[in-house]
Every structure is written in C-alpha cells, then in structure tokens.
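Undergrad:
In full-length UniProt numbering, the protein residues as written are 1 to 292.
Written as structure tokens, this is what we have:
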C-alpha cells in the first residue's frame with residue numbers, strides 16, 4: 001500500500017520531517033520496529049531510567065510535527081517513545097500484509113511495547129492518537145499505567161466523525177491552492193491562537209501532508225465505537241483534555257465524558273491543536289495526572 005501519492009511527495013515530506021525534528025531541541029534516537037504489517041518508525045527522547053511514555057499522533061500527521069513543541073519538556077520527566085502510525089505520512093513503512101481486515105491495531109501497539117521491553121507504560125495521544133490510546137487502554141489495561149487523551153478518545157460514530165472533519169475543509173478543498181490549504185489548517189485552531197505565526201514550519205508541514213498523504217493508507221485502522229461499560233472499567237486510568245472550540249471533538253463526545261464522570265478538563269479559547277496552542281498548560285496537566 002502506498003502511503004504517499006508519489007515518490008516526490010514522500011521525499012518532500014521526509015525532508016520537512018527532519019527539519020521539524022531539529023525544532024525539538026532535544027537529542028533523539030530513531031528506531032525501526034518490525035511487525036507482520038511492516039516497519040514502524042519510532043523516535044525516542046529522554047533518560048531510559050525515566051518512566052516510559054508512548055506518544056501517538058493524529059490521523060494524517062506524524063510524530064515530527066505533532067510533538068515539535070512538546071518533546072523537550074516531556075522528555076525531562078519521561079522516556080518518550082513517539083510512534084509514527086503505520087499508514088500515516090511519517091517514516092513507517094507498511095508491507096503487503098497491511099490491508100483492511102487483516103491489520104490488528106492493538107496487537108501492533110503491543111508489539112511496540114514489547115520491542116522496547118516494557119510490560120506497562122504511560123500513554124498519550126492527540127485526536128486519532130487519543131482514540132488509539134483510549135482503545136488500547138480498554139483492551140489491555142494490564143499494560144497501561146495511565147492514559148492522557150488530548151482532543152479525542154471517544155468515538156460514537158466513525159462516519160459522522162469523518163464527515164465533520166471533511167466539512168471543516170469546505171469550500172477551500174474544492175480549490176486546493178496553497179492559500180486555501182493554509183486556511184483549512186488554521187481552522188483547526190482557536191481564532192485567537194498565533195501558533196502558526198510563531199511557528200510557520202508547523203503549518204507548512206501540515207499543508208504538505210494534506211497534499212502528499214494517500215489517506216486510504218489509514219483505512220486498515222478499524223475504529224471501534226464507544227462502549228460505556230468498557231470505558232467505565234478503566235476510568236481510573238484515563239484523563240481527557242479538550243479544547244472549548246469543538247472543531248473536531250463534538251459537544252456530544254464532551255457530554256459523554258462528563259456523564260461518564262471521567263477525569264477531564266476543557267481548556268478555554270483552545271482548538272483542536274491543543275498541544276500546539278497551549279503547550280505549557282498541556283505539559284502541566286500531563287505531569288500532574290501521569291505522575292500523581
């Protein structure tokens with residue numbers, strides 16, 4: 001399965017990826033983790049004596065852009081393992097076994113934990129990464145210490161979630177000029193946020209991913225809908241951190257989190273790019289919940 005629309009697109013993305021890693025401001029190591037679905041690329045940072053924290057990015061993203069403003073701080077307290085989701089526009093390379101119906105997401109994640117030699121880890125993700133972290137916690141609670149879900153986690157209808165995300169792109173996606181693509185990216189953050197003005201490489205990379213990624217490469221990842229009983233069984237391991245703009249996460253999902261009495265916080269004047277828009281506040285919440 002092709003992850004990128006062309007080899008030229010892949011080369012551009014990976015060059016930009018490496019430029020973003022230089023923004024992290026921390027020493028990293030690159031790992032190629034084998035699985036029966038291909039090679040998963042992971043980046044690690046921090047002292048291996050620290051508690052392990054597995055980090056999962058959103059759909060259509062990669063580790064380089066997702067954690068550009070977070071890794072320096074997080075790696076001071078944790079041994080961070082940032083995973084390039086297989087099928088996503090990063091450095092992971094799926095093989096011919098990576099197809100819809102054959103891929104097992106939780107087994108794939110367990111293989112990453114096994115590769116690094118951890119029985120139990122902390123886990124955190126953003127958007128679709130939050131869903132993956134939440135779902136893994138419900139399936140394998142024995143391997144999770146605690147999980148922080150940023151702008152995601154609970155999915156009640158995969159089709160509705162996809163449609164709402166697509167609607168964010170209209171009408172600009174009908175004329176996908178560079179300017180229109182930047183407008184779409186900015187729609188993900190709160191109107192007051194200047195994060196893309198301060199860090200234009202983030203926006204440029206996200207636009208490049210939108211133009212370069214074969215989104216069908218994520219189809220083997222099957223999304224499981226929210227099961228109240230499964231969530232309640234691991235409630236003490238979960239914390240949800242959301243923005244109040246509801247760009248992608250719906251008010252209905254936020255209501256389910258409230259009604260389920262999950263530990264959570266809704267941050268004011270914050271959009272879907274929560275860890276880019278409010279990195280200091282996000283780090284504070286992560287350190288508080290994951291280490292208390």
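Backbone N, C-alpha and C define an ideal beta-carbon position, used for all residues, glycine too.
Quick caveat, the model's predicted, so the values are computed rather than measured.
Tell me whether the beta-carbon of residue 225 lies closer than 9 Å to the beta-carbon of residue 139.
TA: Sequence index remark: in the chain shown, residue 225 carries index 225 (1-based). Sequence index remark: in the chain shown, residue 139 carries index 139 (1-based). No, they are not a contact pair.
Undergrad: Taking three-plus beta-carbon pairs below 8 Å as touching, is the stretch 3-12 in contact with the stretch 65-78?
TA: no
Undergrad: Check whether the stretch 129-145 touches the stretch 250-265, counting contact only when three or more Cβ pairs, one atom from each stretch, lie closer than 8 Å.
TA: no
Undergrad: With a threshold of 6 Å on Cβ separation, who are the neighbours of residue 75 within its own chain once the five nearest residues in sequence on each side are excluded?
TA: Translated into the one-based positions of the chain shown, residue 75 becomes position 75. 26, 45, 46, listed in sequence order.
Undergrad: Could you spell out where the beta strand (DSSP E) holding residue 186 opens and where it closes?
TA: On the chain shown, position 186 is the one that residue 186 refers to. No beta strand (DSSP E) contains residue 186, which is instead part of the alpha helix (DSSP H) from 178-186.
Undergrad: Between the alpha carbons of residue 39 and residue 213, how many angstroms are there, rounded?
TA: Residue 39 sits at position 39 when you count from the first residue of the chain shown. Residue 213 sits at position 213 when you count from the first residue of the chain shown. If you take the alpha carbons of residue 39 and residue 213, they lie about 18 Å apart.
Undergrad: Would you check if the distance between the CB atom of residue 249 and the CB atom of residue 242 is smaller than 9 Å?
TA: Here the question's residue 249 lines up with position 249 in the chain shown. Here the question's residue 242 lines up with position 242 in the chain shown. Going by C-beta atoms, residue 249 is nearer than 9 Å to residue 242.
Undergrad: Can you list, in chain order, the stretches of the alpha helix (DSSP H) that have 4 or more residues and sit fully within the UniProt domain "AB hydrolase-1" (51-160)?
TA: Residue ranges of uninterrupted alpha helix (DSSP H) with 4 or more members, entirely inside the UniProt domain "AB hydrolase-1" (51-160) and ordered along the chain, are 63-66, 71-77, 105-116, 128-139.
Undergrad: Where does residue 9 fall in DSSP's three states?
TA: Position 9 of the chain shown, counting from 1, holds the residue named residue 9. Three-state result, residue 9: helix.
Undergrad: In three-state DSSP terms, what is residue 33?
TA: Mapped onto the chain shown, residue 33 falls at position 33. Correct three-state label for residue 33: strand.
Undergrad: How should residue 189 be labelled, buried or exposed, when 16 other C-beta atoms within 10 angstroms of its C-beta is the threshold for buried?
TA: Locating residue 189 in the chain shown gives position 189, where the first residue counts as 1. The residue is buried, with at least 16 neighbouring Cβ atoms inside 10 Å.
Undergrad: Starting from residue 265, follow its DSSP beta bridges and name the residues at the other end.
TA: Here residue 265 corresponds to residue number 265 of the chain shown, with the count starting at 1. In the DSSP output, where bridge partners are listed per residue, residue 265 has 241.
Undergrad: Please list the terminal residues of the continuous beta strand (DSSP E) segment that includes residue 231.
TA: Locating residue 231 in the chain shown gives position 231, counting from the first residue. Taken as a continuous stretch (DSSP letters only), residue 231 belongs to no beta strand (DSSP E), being part of the alpha helix (DSSP H) at 228-233.
Undergrad: From the DSSP output, in three-state form, read off residue 205 for me.
TA: Taking the first residue of the chain shown as position 1, residue 205 is located at position 205. DSSP places residue 205 in helix when its eight states are reduced to three.
Undergrad: Is any heavy atom in the ligand NAP found nearer than 8 Å to the beta carbon of residue 174?
TA: Only the bare structure without any ligand can be found here, which leaves the ligand NAP out of the picture.
Undergrad: Could you pull the start and end residues of the alpha helix (DSSP H) that residue 252 belongs to?
TA: In the chain shown, the residue the question calls residue 252 occupies position 252. It spans 251-259 - the alpha helix (DSSP H) in which residue 252 sits, taken as one unbroken run.
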